[in-house]
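Working notes, structure below.
Numbering (the numbering used here), first residue to last: 459 to 607.
Structure representation (structure tokens):
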């Protein structure tokens, strides 16, 4: 896994467990009004899944309280989990950066991320090639990718 994309954010103290994952479905209006937005939800992307790789416990009682939940917040280091996507290309090599094209989603039995997770035209880095299949005469690679946005 690429750990160069580590982000520090805030999460509820009870949820701050190394190895656990969470998905950001959307950012509530309350978050945009919070003074901690830039170091909390402002660092995360809706539709993406993040895995906690480290906690940064505070020695004093947490000065950070969530406006939405009232929970004590603690700093955590997170990495974005890869997204599985179909790539309609002549060849794919792990490590290459390509532009995501959702046209491969027109094939039957191909599951694609919704546009809130990964939008058309986003640059992605291929992490792992999972399988290949043929669809209407085109080669489709199922791959784990990390968005570069």
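Quick reminder that beta carbons are idealized off the backbone N, C-alpha and C, glycines included.
No experiment lies behind these values; they were computed from the predicted model shown.
{"Check": "Endpoints, alpha helix (DSSP H) assigned at residue 529", "Outcome": "From DSSP, residue 529 is part of no alpha helix (DSSP H); its letter is neither H nor E."}
{"Check": "Between the CA atoms of residue 535 and residue 479 - distance to the nearest angstrom", "Outcome": "12 Å"}
{"Check": "Assigned exposure category for residue 608 - 16 Cβ within 10 Å defines buried", "Outcome": "Outside the shown range of the chain (459 to 607) lies residue 608, about which nothing can therefore be said."}
{"Check": "Local conformation of residue 546 per DSSP, three classes", "Outcome": "coil"}
{"Check": "Residue 582 burial status per 10 Å Cβ neighbour count (16 or more: buried)", "Outcome": "buried"}
{"Check": "The alpha helix (DSSP H) enclosing residue 593, as first and last residue numbers", "Outcome": "Segment 581-593 is the beta strand (DSSP E) holding residue 593; no alpha helix (DSSP H) there."}
{"Check": "Beta-carbon proximity check, residue 574 vs residue 505, cutoff 8 Å", "Outcome": "yes"}
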